[in-house]
Amino acid sequence: MTDVRPSDSVVSKLFRSEQGGHEQVVLCQDRDSGLKAVIAIHSTALGPALGGTRFFPYASDEAAVEDALNLARGMSYKNALAGLDHGGGKAVIIGDPAVDKTPELLRAYGRFVASLGGRYVTACDVGTYVADMDVIAAENPWTTGRSPENGGAGDSSVLTAYGVFQGMRASAQVRWGDPTLRGRRVGIAGVGKVGHHLVEHLLADGAIVVITDVRAEAVERIRTAHPEVAAAATTEALISADLDVYAPCALGGALNDTSVRNLTASIVCGAANNQLAHPGVEKDLADHGILYAPDYVVNAGGVIQVADELHGFDFDRAKAKATKIFDTTLAIFERAAADGIPPAAAADRLAEQRMADRTPAESWLRPSVD
Ligand SMILES: NC(=O)c1ccc[n+]([C@@H]2O[C@H](COP(=O)([O-])OP(=O)(O)OC[C@H]3O[C@@H](n4cnc5c(N)ncnc54)[C@H](O)[C@@H]3O)[C@@H](O)[C@H]2O)c1
1 MTDVRPSDSV
11 VSKLFRSEQG
21 GHEQVVLCQD
31 RDSGLKAVIA
41 IHSTALGPAL
51 GGTRFFPYAS
61 DEAAVEDALN
71 LARGMSYKNA
81 LAGLDHGGGK
91 AVIIGDPAVD
101 KTPELLRAYG
111 RFVASLGGRY
121 VTACDVGTYV
131 ADMDVIAAEN
141 PWTTGRSPEN
151 GGAGDSSVLT
161 AYGVFQGMRA
171 SAQVRWGDPT
181 LRGRRVGIAG
191 VGKVGHHLVE
201 HLLADGAIVV
211 ITDVRAEAVE
221 RIRTAHPEVA
231 AAATTEALIS
241 ADLDVYAPCA
251 LGGALNDTSV
261 RNLTASIVCG
271 AANNQLAHPG
281 VEKDLADHGI
291 LYAPDYVVNA
301 GGVIQVADEL
311 HGFDFDRAKA
321 KATKIFDTTL
331 AIFERAAADG
341 IPPAAAADRL
351 AEQRMADRTP
361 AESWLRPSVD
């Protein structure tokens, strides 16, 4: 028997700790394929739980459960503010995707998703791709992130970048009274799938764009297409350059004590998940006069896109929903000002309010949000 102290146990996390509040956690095992997975449903208050499947070689089964619980909770907040009729859920498959991922394992996982009868809708996440979703979808109708040939929407980074751009326009409206980045210097750290689409939106809007990436070829690809785009050698050099807006579009934890101190930008708005390195950074940003557009709000274009697949994917309809990220971001800044709290805290309050009221998408975020 595993030596787990009561305070560390899964049951304790689920029912008693600050992780608590989840509706359902399913531990899945298929001995034939070697599948070990955790499906966590945080909330179905607004509709079926929606969130991706992470495939990762966790250090322990406990760590996998903890990650699933955390990620599922985050999806409840994200989906609520994305204006979707979905609650939050997430799944993790324990293992090294490069070694353990087989069609048999994915199909077995798909049958577990099916067993939930639609309470959980899955999608791609770290370690899973569109081709994997096509396999999982063979076992259930609650799999999104599929290929266009299989009724899916394909690459979600297109609408993610578009949504970040809408969040940035809303930030500009609040900071400078005009919803445009024209003539502003915008620094993008990470020009991968999302970052390179964001460059296009910004250039079309008349912004001055500076980029950086640890992959030289990612920088070159953009500079070849747009020689007017400048490059900084490192993220550290970028954030202390003369910027109006900083857009973290690489990994999490971009906003920490050092980066906040060195930032010259007065707006932070980017695609990266979990930008705040630790609790309290959101207050530091506010104290430094930096307007922070909460990451999970402005990067919701991807989840908006996959949610649309359940209704037969329509790009224009999904794009129209992603356009509302502009209004949501404005509403968050208004709430933050009204309540005297940082925007990240205001976002959480708005999400909690929508979940508590079980407000359907069609009547949420009319001109007045209070
Ligand atoms: N793709 C989506 O639809 C989506 C949706 C929501 C959130 N996000 C988040 O947005 C971020 C970017 O996603 P993506 O799909 O573009 O990923 P990606 O892997 O395509 O791009 C990330 C880029 O960041 C670069 N990078 C890594 N470390 C760096 C560093 N220290 N400094 C500078 N550059 C660095 C990489 O080389 C890569 O080019 C991630 O945090 C992701 O979780 C993406």
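Numbers 1 to 370, taken from the working numbering, label the letters of the sequence shown in order.
Backbone N, C-alpha and C define an ideal beta-carbon position, used for all residues, glycine too.
The structure presented is a predicted model; accordingly, all values stated were derived computationally and were not measured.
Please classify residue i: is it buried, with 16 or more other beta-carbons within 10 angstroms of its beta-carbon, or exposed?
i      : result
Glu228 : exposed
Asp257 : exposed
Pro248 : buried
Ala338 : exposed
Ala318 : buried
Ser373 : Look at the range of the chain in this structure, 1 to 370, and you will see that residue 373 is not part of it.
Phe15  : exposed
Asp205 : buried
Glu282 : buried
Asp314 : exposed
Gly289 : exposed
Ser157 : buried
Pro279 : exposed
Give me the residue from the options with the minimum Cα distance to residue i.
i      : options                        : result
Ala265 : Val306, Val210, Gly312         : Val210
Ala346 : Ile304, Arg358, Glu62, Asp295  : Asp295
Ala207 : Ala225, Gly187, Arg223         : Gly187
Glu23  : Ala40, Asp30, Gly110, Val10    : Ala40
Met168 : Leu198, Pro342, Val303         : Leu198
Glu362 : Ala64, His278, Ala82, Gln29    : Ala82
Thr160 : Asp134, Val260, Gly302, Gly340 : Gly302
Pro179 : Gly145, Phe326, Asn70, Arg31   : Phe326
Asn273 : Asn70, Ser9, Asp30, Gln29      : Asn70
With DSSP as the reference, identify every bridge partner of residue i, one or two as the case may be.
i      : result
Ser43  : Gly88
Arg54  : Val92
Asp30  : Leu35
Pro248 : Ala189
Val10  : Val10 pairs with nothing; no bridge assigned.
Cys124 : Thr53
Thr323 : According to DSSP, Thr323 bridges with nothing at all.
Val268 : Tyr246, Tyr292
Ile136 : In DSSP, Ile136 forms no bridge with anything.
Val209 : Val186
Ala59  : Answer by DSSP bridge pairing: none, since Ala59 is not bridged.
Leu255 : Leu276
Ala230 : Val210
Val25  : Ala40
Thr143 : Thr122
If residue i sits next to residue j, beta carbons under 8 angstroms apart, how far is it from one beta carbon to the other, in whole angstroms?
i      : j      : result
Gly89  : Ala72  : 5 angstroms
Glu139 : Ala114 : 5 angstroms
Asn299 : Ala271 : 5 angstroms
Ala91  : Leu46  : That belief does not hold up - the Cβ atoms of Ala91 and Leu46 are roughly 19 angstroms apart, past 8 angstroms.
Thr102 : Ser33  : 6 angstroms
Leu263 : Leu276 : At roughly 13 angstroms, the Cβ-Cβ gap does not stay under 8 angstroms, so Leu263 and Leu276 are not in contact.
Val65  : Val99  : Not a contact, Cβ separation roughly 21 angstroms.
Gln305 : Ala172 : No, Gln305 and Ala172 are not in contact; Cβ-Cβ is about 24 angstroms, not under 8 angstroms.
What number of angstroms, rounded off, separates the C-alpha of residue i from the C-alpha of residue j?
i      : j      : result
Ala216 : Phe56  : 27 angstroms
Phe165 : His201 : 7 angstroms
Lys324 : Gly190 : 25 angstroms
Leu251 : Cys269 : 14 angstroms
Gly118 : Lys321 : 23 angstroms
Gly195 : Ala241 : 18 angstroms
Ala49  : Arg175 : 35 angstroms
Asp95  : Leu181 : Contrary to the premise, residue 95 reads as Gly rather than Asp in this sequence. Each residue's Cα considered, the two are about 43 angstroms apart.
Ala218 : Gly192 : 7 angstroms
Asp213 : Ala293 : 22 angstroms
Leu350 : Thr329 : 11 angstroms
Arg111 : Asp155 : 25 angstroms
Ala237 : Asp357 : 45 angstroms
Ala232 : Val297 : 27 angstroms
Leu203 : Gly177 : 20 angstroms
Val130 : Gly151 : 11 angstroms
Ala225 : Phe333 : 35 angstroms
Gly145 : Val245 : 31 angstroms
Met133 : Ser147 : 8 angstroms
Tyr58  : Ala68  : 11 angstroms
Do we get a CB-CB distance below 9 angstroms when we pair residue i with the residues of chain D?
i      : result
Ser147 : Given the protein chain composition of this structure (a single chain), no chain D is represented.
Taking 8 angstroms as the cut-off, is the CB of residue i close to at least one heavy atom of ligand 3?
i      : result
Ser147 : Absence of ligand 3 is noted for the structure shown, with ligand 1 being the only ligands found.
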